[in-house]
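Just below is one structure, and these are the notes that go with it.
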Amino acid sequence: MTRVVVRYLPILILALAWEAASRLGLFSSLTLPALGDVAASWLELIRDGDLVSNGLTSMYRGTAGLVLAVVIGGGLGVAMASSRVVNALLAAPIEVFYPLPKSALIPVTVLWLGFGDGSKILLIFLGCMIPVTIGAYNGARGSDQVLLWSARSMGASRLRTLWDVVVPSALPEMLNGIRTALALSFILLVSSELIAAQQGFGYLIGYLGDNGSYPGMFAVVLTVAFLGFAADRLFQLLTGWLLRWRE
Amino acid sequence: MARVEDLAKPAVPAGAGAGDRERGRALNAAARFATRAFSLVVLLIAWELIARSGKVTPFMLPPLSAVIERIYADAASGMLWTNLGVTLARAMAGFFIATVGGIALGAAMSRLRPVRWFFDPLISIGFPMPKIAFLPIIMLWLGVYDVSKISMVVFDAIFPVLTATLAGLAAVDKELIWSARNMGAREHELIWQVALPAALPQIFTGLQVALPIALIVEIVVEMALGGYGLGAAMMSASRFADSRGVFAGIVEIAIVGYALIKAMAAIRRRLLLWHHEAQAPA
Amino acid sequence: MNDQAQIVVEGVTHTYRPPRGRPVPALAEVSLEVRRREFFALLGPSGCGKSTLLYLIGGFFATEAGRILVDGEPVAAPGADRGIVFQHFALFPWKTVRANVRYGLERLKIPRAEREARAQAMIDLVGLRGFEDSYPSQLSGGMKQRTAIARTLAFDPSILLMDEPFGALDAQTRALMQTELLGIWQRTPKTVIFVTHDVQEAVYLADRVAVMSARPGRIKTIVETRFGNRDPSLLRSPAFVEKVEEIWNLVRIEAIKAQGTEAP
Chain X
0 MTRVVVRYLP
10 ILILALAWEA
20 ASRLGLFSSL
30 TLPALGDVAA
40 SWLELIRDGD
50 LVSNGLTSMY
60 RGTAGLVLAV
70 VIGGGLGVAM
80 ASSRVVNALL
90 AAPIEVFYPL
100 PKSALIPVTV
110 LWLGFGDGSK
120 ILLIFLGCMI
130 PVTIGAYNGA
140 RGSDQVLLWS
150 ARSMGASRLR
160 TLWDVVVPSA
170 LPEMLNGIRT
180 ALALSFILLV
190 SSELIAAQQG
200 FGYLIGYLGD
210 NGSYPGMFAV
220 VLTVAFLGFA
230 ADRLFQLLTG
240 WLLRWRE
Chain W
0 MARVEDLAKP
10 AVPAGAGAGD
20 RERGRALNAA
30 ARFATRAFSL
40 VVLLIAWELI
50 ARSGKVTPFM
60 LPPLSAVIER
70 IYADAASGML
80 WTNLGVTLAR
90 AMAGFFIATV
100 GGIALGAAMS
110 RLRPVRWFFD
120 PLISIGFPMP
130 KIAFLPIIML
140 WLGVYDVSKI
150 SMVVFDAIFP
160 VLTATLAGLA
170 AVDKELIWSA
180 RNMGAREHEL
190 IWQVALPAAL
200 PQIFTGLQVA
210 LPIALIVEIV
220 VEMALGGYGL
230 GAAMMSASRF
240 ADSRGVFAGI
250 VEIAIVGYAL
260 IKAMAAIRRR
270 LLLWHHEAQA
280 PA
Chain D
0 MNDQAQIVVE
10 GVTHTYRPPR
20 GRPVPALAEV
30 SLEVRRREFF
40 ALLGPSGCGK
50 STLLYLIGGF
60 FATEAGRILV
70 DGEPVAAPGA
80 DRGIVFQHFA
90 LFPWKTVRAN
100 VRYGLERLKI
110 PRAEREARAQ
120 AMIDLVGLRG
130 FEDSYPSQLS
140 GGMKQRTAIA
150 RTLAFDPSIL
160 LMDEPFGALD
170 AQTRALMQTE
180 LLGIWQRTPK
190 TVIFVTHDVQ
200 EAVYLADRVA
210 VMSARPGRIK
220 TIVETRFGNR
230 DPSLLRSPAF
240 VEKVEEIWNL
250 VRIEAIKAQG
260 TEAP
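Chains as they are written, first to last, in numbering that gives the first Met the number 0: chain X, 0 to 246; chain W, 0 to 281; chain D, 0 to 263.
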């Protein structure tokens, strides 16, 4: 327990330094609102419902886009590894879109679907699909031949081996791809909401900033940053449990 | 990505001679390049055909030919070069600062315990955070012009450089350091002449991750803040429902992104000639 | 065709075609017969195609020329009548020992209660009681191979195909496993085709040993190696030693040839 405290102590020190600096008047209260004020604004935003309603919108968009990316991307990756035809069809688009900075898709999704949920979900789906597909593809390709043969000799049909052998074999690498996609989904979500939205965390941050409500703005920024961090940590826990069979 | 292996073939030791293998490898590299180029061409043709087929409106998917015309027009008018120059300049500036800062901080962290203790949780928490969320704060502190844009790029790009430097330095063979010490090398000589070169492959990998990040962040920041730049131009086109402009932007950015990745790979090969990974078969 | 022959291989030729590089002839006109409940060894130097032949019998890929019949029917695909055990165990790393052993029974749609009972019986048979809920990564090499054997025996195939099953184990474990395998085989008699490059192992375990030539593999000769009793003291008996010597002389030339054609 003390280990954890010592490890994260610098954060506590920074927080204290922050509070001290604003109390001492080192920075104008505009550029750096006191930590206490930020905390108060945070509570207010919760009470008013603004934080929660915008938060739910963002969470909905992010989750929908990510789930689509994982299910479709994962399926495609496994299909590509198992079928020459699918591979031939999809390898080209993936190789072409892999080096494209995914945020370059923001203007086009806004062009097609405007400022609402649809454009964000589409953006996250398109952007996050590629790391998942590549992870699933590489993982599925690495399926051990003898595992497939063992399963078949025990009566599994070719289709059955896909589910019984290929998917579990692909899981470690696919989970890696999903971890990347998770971080990417946050980035794309916040970016697109900062730039072109009428609801959501990013929009709320911009709105508060434009209104000069800086303590509130800081509060939401920190909330989003924390959520991104927490999501990654939770995902690591999930991965650890799913892959508990590894050495 | 190679062709899918035929899952029915068993693994058997190679019977072909060494010369055959060499020839085989070179042929393979050529074949892979040809397939990639071919698939790109197929994709472009598909784009043009689908756009002209009438199944989608020219607004949703402008034909490739129209987009190319537009890029050409932008190039001729000079707009393309201005935007490209501005985006690249800021992205590269941020990238270089992140490189220097990341390596310096990484070196400091690996040698000095207190520095390491202080920054470790910040990195651990900072890595998975969507750092773009801090853009409004940076705008508040640093304005809306180049400084704030470059700062955002640095903030994002420094993380992969840092972690790669830390990992690379940690993995340096202790015996190398001990031999150098034994021969009288002092602290700063150890870092410059032994540790950093030994860690270079891993550090460079971090740089290869950081560069695309620098480009992405620069583009997003331009979209948010406006002004000049490829990202800003694309977002402005989107606001004016100028779909050709938007698609032209995607193509331009894709080319830039691809060129940067290739350039880094070439630099890596040149820089790491001495490393054993250069000896390994392709 | 001998009435007792369960497996018939006739004139099988096979070429290995790697994804890149030249095709390599693996087997040339191989013919043999394996009798019901016989312990039959395929012995030869590396690369002679003995594993390839085993996989062809297993139905994992198709013969190019010649044919393979099991119980009078041509082999078309893998099936639960021919269980296979691999050198590197091929256990599903994400399943526990029990789940691995159960797998074949699940595929055969055997009802739950019977499945659990049979799986447990097999686990007990190979001496792994108490490890049912362990993952393969927690087991030693010998334990992993016993799990693999239990898994294959669980669905009671009439033929057991074994591809150098003890090759990845240390010498001591290997010796113990050989005796255990014989014990299991004597209790639940099956037709066994056992691939190995170890002459002593082949002579000790098998009723007949087929010596294969270097690549492309042919059956050089088939030697009777049935001994009265098979406890470990057999290994020191003069008759046994003589037989090993005899077969080693047949293999040695092929092993040298195999070294010569090996890629540098």
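Note that CB positions come from ideal geometry on N, CA and C, so glycine has one too.
Fair warning: this is a prediction, and the values are worked out from it, not measured in the lab.
Please state whether DSSP places residue 109 of chain D in a helix, a strand or coil.
As a working mapping, residue 109 of chain D is identified with position 110 in the third sequence. It is coil, neither helix nor strand.
Could you tell me which whole alpha helix (DSSP H) segments of length 4 or greater appear in the stretch 140 to 198 of chain W?
145 to 169 and 173 to 181
Counting C-beta neighbours from all protein chains within 10 Å, is the total for residue 261 of chain W 16 or more, i.e. buried, or is it exposed?
On the second sequence, residue 261 of chain W is found 262 positions in, with the first residue counted as 1. Answer is exposed; the Cβ neighbour count stays below 16.
When DSSP builds the beta bridges, which residues end up paired with residue 158 of chain D?
Here residue 158 of chain D refers to the residue found at position 159 of the third sequence. D/81 and D/190, per the DSSP bridge assignment.
Near-chain X residues of the stretch 129 to 147 of chain D - C-beta to any C-beta below 9 Å:
Against chain X - using a Cβ distance shorter than 9 Å - the residues of the stretch 129 to 147 of chain D are 134, 135, 136, 137 and 147.
If we require 4 or more residues per run, which alpha helix (DSSP H) segments fall completely within the stretch 114 to 172 of chain D?
Note on the stretch 114 to 172 of chain D: whole alpha helix (DSSP H) runs with a minimum of 4 residues are 140 to 153, in chain order.
Put residue 15 of chain D into one of helix, strand or coil per three-state DSSP.
Translated into the one-based positions of the third sequence, residue 15 of chain D becomes position 16. Three-state result, residue 15 of chain D: strand.
Can the beta-carbon of residue 87 of chain X be found closer than 9 Å to that of residue 140 of chain X?
For the purposes of this step, residue 87 of chain X is identified with residue 88 of the first sequence, where counting begins at 1. For the purposes of this step, residue 140 of chain X is identified with residue 141 of the first sequence, where counting begins at 1. No, Cβ-Cβ distance for residue 87 of chain X and residue 140 of chain X is not below 9 Å.
Look at the Cβ atom of residue 214 of chain X, then the Cβ atom of residue 32 of chain X, and state whether they are nearer than 9 Å.
Residue numbering aside, residue 214 of chain X sits at position 215 when the first sequence is read from its first letter. Residue numbering aside, residue 32 of chain X sits at position 33 when the first sequence is read from its first letter. Yes; because the gap between Cβ atoms is below 9 Å, this pair is in contact.
Using beta carbons (cut-off 9 Å, strictly below), is residue 94 of chain D in contact with chain X?
Residue mapping note: residue 94 of chain D aligns to position 95 of the third sequence, counting from 1. With its beta carbon less than 9 Å from one in chain X, residue 94 of chain D belongs to the interface.
In whole angstroms, give me the CA-to-CA distance for residue 205 of chain W and residue 158 of chain W.
Mapped onto the second sequence, residue 205 of chain W falls at position 206. Mapped onto the second sequence, residue 158 of chain W falls at position 159. Using only the alpha carbons, I get a separation of about 9 Å.
Buried versus exposed call for residue 278 of chain W [16 or more other C-beta atoms within 10 Å across all chains shown]:
Translated into positions along the second sequence, residue 278 of chain W becomes position 279. Per-residue confidence for residue 278 of chain W stands at a pLDDT of 49, beneath the threshold of 50, marking its modelled position as unreliable; the derived number appears in the next sentence. Result: exposed.
I'd like the list of long-range same chain contacts for residue 92 of chain W, defined as Cβ closer than 6 Å, with 5 residues on each side in sequence excluded.
By 1-based counting over the second sequence, the position of residue 92 of chain W is 93. The answer, listed in chain order, is 149.
Local Cβ density within 10 Å of residue 25 of chain D, reported as buried at 16 or more and exposed below that
Residue mapping note: residue 25 of chain D aligns to position 26 of the third sequence, counting from 1. The residue in question, residue 25 of chain D, is buried, as its Cβ has 16 or more Cβ neighbours within 10 Å.
For residue 155 of chain X, return the contacting residues in chain D, with the cut-off set at a CB-CB distance below 7 Å.
If you number the first sequence from 1, residue 155 of chain X lands on position 156. Neighbours of residue 155 of chain X on chain D, chain order: 106.
By the 10 Å Cβ neighbour count, where 16 or more other Cβ atoms means buried, how is residue 204 of chain X classified, buried or exposed?
Stepping through the first sequence from its first residue, residue 204 of chain X is reached at position 205. Buried is the call here.
Hey, quick one: how far does the alpha helix (DSSP H) through residue 86 of chain W stretch, first residue to last?
On the second sequence, residue 86 of chain W is found 87 positions in, with the first residue counted as 1. Element bounds for residue 86 of chain W: 78 to 110.
If you measure beta-carbon to beta-carbon, which residues of the stretch 29 to 41 of chain W are closer than 7 Å to chain X?
35, 38, 39 and 41
Evaluate residue 49 of chain D with the Cβ neighbour count: other Cβ atoms within 10 Å of its Cβ, from every protein chain shown; 16 or more gives buried, anything less gives exposed.
In the third sequence, counting from the first residue as 1, residue 49 of chain D sits at position 50. The residue in question, residue 49 of chain D, is buried, as its Cβ has 16 or more Cβ neighbours within 10 Å.
Selection from X/224, X/206, X/169 and X/197 that minimises the alpha carbon distance to residue 131 of chain W
Stepping through the second sequence from its first residue, residue 131 of chain W is reached at position 132. Answer by Cα proximity: X/224.
Which value, in whole angstroms, describes the spacing of the CA atoms of residue 158 of chain D and residue 53 of chain D?
Translated into the one-based positions of the third sequence, residue 158 of chain D becomes position 159. Translated into the one-based positions of the third sequence, residue 53 of chain D becomes position 54. Whole-angstrom Cα-Cα distance: 12 Å.
Would a check of beta-carbon distances place residue 159 of chain X closer than 9 Å to chain W?
What you label residue 159 of chain X is simply residue 160 of the first sequence in a count that begins at 1. It does not; no Cβ of chain W falls within 9 Å.
Whose CA, out of D/102, D/131 and D/165, lies closest to the CA of residue 159 of chain X?
Counted from its first residue, the first sequence places residue 159 of chain X at position 160. Here the closest residue by C-alpha is D/102.
Using a cut-off of 7 Å between C-beta atoms, extract the partners of residue 81 of chain D located in chain X.
As a first step, residue 81 of chain D must be located in the third sequence, where it is residue number 82. Residues of chain X passing the Cβ test: 152.
Does the beta-carbon of residue 267 of chain D have 16 or more other beta-carbons within 10 angstroms, so that it is buried, or is it exposed?
Nothing can be reported for residue 267 of chain D: it is not among the residues displayed for chain D, which extend from 0 to 263.
Contact check, residue 134 of chain W vs residue 193 of chain X, beta carbons under 9 Å:
Counting from one through the second sequence, the residue named residue 134 of chain W turns up at place 135. Counting from one through the first sequence, the residue named residue 193 of chain X turns up at place 194. Taking 9 Å as the Cβ cut-off, residue 134 of chain W and residue 193 of chain X qualify as a contacting pair.
Taking only the alpha-carbon atoms, compute the straight-line gap between residue 10 of chain X and residue 113 of chain W and give it to the nearest angstrom.
Here residue 10 of chain X refers to the residue found at position 11 when the first sequence is read from its first residue. Here residue 113 of chain W refers to the residue found at position 114 when the second sequence is read from its first residue. Approximately 14 Å, taken between the alpha carbons.
Please report the straight-line C-alpha distance between residue 82 of chain X and residue 143 of chain X, rounded to a whole angstrom.
Within the first sequence, the letter at position 83 stands for residue 82 of chain X. Within the first sequence, the letter at position 144 stands for residue 143 of chain X. The alpha-carbon atoms of residue 82 of chain X and residue 143 of chain X are separated by roughly 16 Å.
Which whole-angstrom value describes the C-beta separation of residue 90 of chain D and residue 195 of chain D, a residue pair presumed to lie in contact below a C-beta threshold of 8 Å?
Your numbering for residue 90 of chain D matches position 91 in the third sequence. Your numbering for residue 195 of chain D matches position 196 in the third sequence. Not really, about 21 Å apart at Cβ, beyond 8 Å.
For residue 190 of chain W, I'd like the list of residues in its chain whose CB is within less than 8 Å of its CB, leaving aside the five on either flank, ordered along the chain.
Indexing the second sequence from 1 puts residue 190 of chain W at position 191. If we look at residue 190 of chain W and ignore the five residues flanking it on each side, its Cβ neighbours are 106 and 110.
Outcome for residue 118 of chain X when other beta-carbon atoms lying within 10 angstroms are tallied against a minimum of 16:
The residue given as residue 118 of chain X occupies position 119 in the first sequence. Flag for residue 118 of chain X reads buried.
Go ahead and label residue 132 of chain X buried or exposed: buried means 16 or more other beta carbons lie within 10 angstroms of its beta carbon, across all protein chains shown.
Here residue 132 of chain X refers to the residue found at position 133 when the first sequence is read from its first residue. Under this definition residue 132 of chain X is a buried residue.
Check whether the Cβ atoms of residue 211 of chain X and residue 53 of chain X sit closer than 9 Å, and answer yes or no.
Stepping through the first sequence from its first residue, residue 211 of chain X is reached at position 212. Stepping through the first sequence from its first residue, residue 53 of chain X is reached at position 54. Cβ atoms of residue 211 of chain X and residue 53 of chain X: not closer than 9 Å.
So, at 7 Å on beta carbons, what are the nonlocal neighbours of residue 243 of chain D in its own chain, with the 5 sequence-adjacent residues on each side left out?
The residue labelled residue 243 of chain D in the question sits at position 244 within the third sequence. If we look at residue 243 of chain D and ignore the five residues flanking it on each side, its Cβ neighbours are 198, 199 and 202.
Does the beta carbon of residue 119 of chain W come closer than 9 Å to any beta carbon on chain X?
For the purposes of this step, residue 119 of chain W is taken as residue 120 along the second sequence, with counting starting at 1. Chain X contact via Cβ: present.
Buried or exposed, going by whether 16 or more other CB atoms sit within 10 Å of the CB of residue 40 of chain X?
Numbered from its first residue, the first sequence carries residue 40 of chain X at position 41. Answer is buried; the Cβ neighbour count reaches 16.
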